[in-house]
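Heads up: the protein sequence lines correspond to chains L and E, in order.
Counting in the numbering used here, the first sequence runs from 607 upward without gaps.
Counting in the numbering used here, the second sequence runs from 477 upward without gaps.
For each residue, glycine too, the CB sits at the ideal point set by N, CA and C.
Keep in mind that this is a model prediction, so the values were computed, not measured.
Notes for the one structure printed next.
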Amino acid sequence: MPAVLPPDSVGLVTPQTFSFDEPLELDSGKTLPRYELVVETYGELNAARSNAVLICHALSGDHHAAGYHSMEERKPGWWDSAIGPGKPIDTGKFFVVCLNNLGGCKGSTGPTTVNPDNGRVYGPDFPIVTVPDWVRAQERLMRRLGVGQWAAVIGGSLGGMQVMQWAISFPHLLRHAAVIAAAPRLSAQNIAFNEVARQAIFADPDFHDGHYQEHGVLPRKGLMLARMLGHITYLSDDAMRAKFGRELRAGKINFGFDVEFQVESYLRYQGASFVDRFDANTYLLMTKALDYFDPAAEYEHDLARAFAATQAEFLVVSFTTDWRFSPARSREIVKALLDAGKRVTYAEIESSHGHDAFLVPIPDYMNVFRAYMERVAGETDGGPA
Amino acid sequence: MRVDLEIIGDWIKPGSRVLDLGCGDGALLRQLRDSHAVTGYGLELNVEKLTRCVGGGIPVIHANLDQGLSAWFDAGSFDYVIMTHTLQAMRHPERLLKEMVSIGREAIVTFPNMGYWKNRMQYALGGRMPVTRALPYGWFDTPNIHLCTVRDFEALCAEIGLRILDREIVDSQHRSGALMRLMPNLMGEAAVYRLEKT
Chain L
607 MPAVLPPDSV GLVTPQTFSF DEPLELDSGK TLPRYELVVE TYGELNAARS
657 NAVLICHALS GDHHAAGYHS MEERKPGWWD SAIGPGKPID TGKFFVVCLN
707 NLGGCKGSTG PTTVNPDNGR VYGPDFPIVT VPDWVRAQER LMRRLGVGQW
757 AAVIGGSLGG MQVMQWAISF PHLLRHAAVI AAAPRLSAQN IAFNEVARQA
807 IFADPDFHDG HYQEHGVLPR KGLMLARMLG HITYLSDDAM RAKFGRELRA
857 GKINFGFDVE FQVESYLRYQ GASFVDRFDA NTYLLMTKAL DYFDPAAEYE
907 HDLARAFAAT QAEFLVVSFT TDWRFSPARS REIVKALLDA GKRVTYAEIE
957 SSHGHDAFLV PIPDYMNVFR AYMERVAGET DGGPA
Chain E
477 MRVDLEIIGD WIKPGSRVLD LGCGDGALLR QLRDSHAVTG YGLELNVEKL
527 TRCVGGGIPV IHANLDQGLS AWFDAGSFDY VIMTHTLQAM RHPERLLKEM
577 VSIGREAIVT FPNMGYWKNR MQYALGGRMP VTRALPYGWF DTPNIHLCTV
627 RDFEALCAEI GLRILDREIV DSQHRSGALM RLMPNLMGEA AVYRLEKT
């Protein structure tokens, strides 16, 4: 809880809800007849409507990317480190848009909202959505907001995948694409971790095939396990060693299965607190969107061909100890962009924070990011677009 | 403008695709972009220099040249691959030179000439490793691990199949002169070469 708002915070923010009545055809073949998207915006859209930036969230993210909903809120939005006055995504220069994606659980239409066709909560019946589906919905939001072209679309991890999809699906609708700590598609190991997370949720007796809300329960144990597993993949071995080592909570071993090591305590806390703010069906959907993402598949698995029609200039950033989406995965993206002859800048940032590094204000990372975004902002001031 | 950069500017055709290895803050690429409308990328390992490239609008790839170029670029990707005053700091200069003429139609290389008479004097008479304006480091902290003379370089080119298309010998102010043309290995402080695969 901030006693006073920091000067580089976007301050108090209020989400807005946009309703869409035009049916959205999904990659699965199903159709969403109507849907709502919850959105936060920071900064002002300029008269030329040329300074809008879209932020795409990752697996457990949402529309609340920066600032505070109230003075009582314990933590600011999930990417407050990078969004605000004077920060890389400078709200003094940009009109920043962030939404909760379809299938999310923070207000946008998803498993926890009511299906207008039958008046019941969607639950497990919410269709599986893909990264291209999200991007199509985001494009409709863009039109609703009166934005003709994004100055930049920016995202980390699963958010970075949406950025790539934007550049491929709507080449003319964005000038810059910032792809941070992402991969061109998941590896078998990535999918394997997702599958264990899903099985943990399915195995919870309170899951009830996804109809837990109707039973008045939550698959707490399953979702907690899924999150604990996820957290291990977000941190690096180094970061875990530095943060917890083999430190014992009680100072000695007790020859039992209660929490003994600090890392156990941390993971249980992360898992338990996640259950209170996230929906298991949404978690399942998000992992599927990750697994399915493979933009090269439609181009004979040639990523350079997938990028051939893109018009955006790219910034690609990776982090040295990220083993979930390692620098090698970002280099695949960069190589494909180079092969396609696209303008791309790549930075591999030294960091001990693992995959989580993309949310951490590491000086080298922030400096590169800021330098890039300052140039993007320069173009919106009437310079060359 | 630095004269070695001016020489490079004279050699490069407008509108070319250029790769600059160890591009620093991107000054050469910015200059060539503005004067010759070149497109291309810089490669740079130092993240602070890379950040200055980004600020100047130069597309730059964070890469370690000692790990080679083949992971990034296919053969024939560029008209010119340029490397200014970086060759002597490379772990495998011969491998990099071969990659340069493969990835680029032509390679342009500049390096400090160890055969320069002042270097020879310091070593021959003073009995010490040379420290000059062009090579300001001590033997113990120098990044320059593969220094060579003009004659050494040309012998290597012959050995690994590089044809010399152009050569300019300059002093520390990057000026050229009659004496340098007459006795390049003795009088030249730095050398600028344009090369291709034989």
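DSSP lists E:Ala666 as the bridge partner or partners of Pro588 (chain E). Under the DSSP assignment, Thr951 (chain L) falls in the beta strand (DSSP E) whose first and last residues are Val950 to Ile955. For Leu573 (chain E), the secondary structure class from DSSP, reduced to helix, strand or coil, is helix. Within chain E, the residues Val523 have their CB atoms less than 7 Å from the CB of Asp970 (chain L), given in chain order. The C-alpha of Arg506 (chain E) is placed about 51 Å away from the C-alpha of Pro639 (chain L). The Cβ atoms of Asp970 (chain L) and Arg791 (chain L) do not sit closer than 8 Å to each other. Contact annotation, Phe624 (chain L) with Glu642 (chain L): C-beta distance approximately 7 Å; criterion of less than 8 Å satisfied. Not one beta carbon of chain L lies nearer than 8 Å to the beta carbon of Asp510 (chain E). Contact annotation for Val536 (chain E) against chain L: Thr951 [CB-CB distance below 7 Å, chain order]. Spanning the alpha carbons of Pro608 (chain L) and Ala503 (chain E) requires a straight line of approximately 44 Å.
Under the rule that a run must span 4 or more residues, the alpha helix (DSSP H) segments found entirely inside the region 822-853 of chain L read 826-840 and 843-849. Among the CB atoms of chain L, none fall inside 8 Å of the CB of Leu497 (chain E).
Among the residues of the region 546-564 of chain E, those with a Cβ less than 8 Å away from any Cβ of chain L are Ala547, Trp548, Phe549, Asp550 and Ser553, in the order of the chain.
Straight across, the Cα-Cα distance linking Ala551 (chain E) with Leu545 (chain E) is about 10 Å. Under the three-state reduction of DSSP output, Cys499 (chain E) falls in the coil class, being neither helix nor strand. At least one CB of chain E lies nearer than 8 Å to the CB of Asn973 (chain L). The DSSP-derived three-state label of Ala758 (chain L) is strand. One finds Arg981 in chain L with Cβ atoms closer than 7 Å to the Cβ of Gly533 (chain E), taken in chain order.
In the same chain as Asp908 (chain L), and ignoring 5 residues on each side of it, the C-beta atoms closer than 7 Å to its own belong to Ala902, in chain order. The DSSP-derived three-state label of Val619 (chain L) is coil. 8 Å or more divides the Cβ of Leu641 (chain E) from the Cβ of Gln564 (chain E). Asn721 (chain L) is bridged by DSSP to L:Arg726.
Among the bridge pairs identified by DSSP, Lys673 (chain E) is matched with E:Leu638.
Judged by DSSP in its simplified three-state form, Ser958 (chain L) adopts coil rather than helix or strand.
In the three-state scheme derived from DSSP, where H, G and I count as helix and E and B as strand, Ile484 (chain E) is classed as helix. For Ser924 (chain L), the uninterrupted beta strand (DSSP E) run begins and ends at Glu919 to Phe925, by DSSP. For Thr888 (chain L), the enclosing alpha helix (DSSP H) has its first and last residue at Ala886 to Tyr898. Three or more pairs of CB atoms, one per stretch, sit closer than 8 Å, so the region 823-840 of chain L contacts the region 876-895 of chain L.
Residue burial is scored here from C-beta neighbours: Gln795 (chain L) has fewer than 16 other C-beta atoms within 10 angstroms and is therefore classed as exposed. Your pair Leu708 (chain L) and Tyr674 (chain L) does not check out as a contact, with CB atoms roughly 25 Å apart and the cut at 8 Å.
Contact between Ile636 (chain E) and Leu573 (chain E) holds, since their C-beta atoms are separated by about 7 Å, short of 8 Å. Contact between Thr986 (chain L) and Ala757 (chain L) holds: their C-beta atoms lie close to 5 Å from each other, under 8 Å. Counting only the Cα atoms, Lys712 (chain L) lies some 50 Å from Leu508 (chain E).
Phe975 (chain L): member of the alpha helix (DSSP H) spanning Pro969 to Thr986, first to last residue. Among the residues of chain L, none has a CB under 7 Å from the CB of Val494 (chain E); the nearest is roughly 13 Å distant.
Residue state for Gly518 (chain E) is assigned as strand, using DSSP reduced to three classes.
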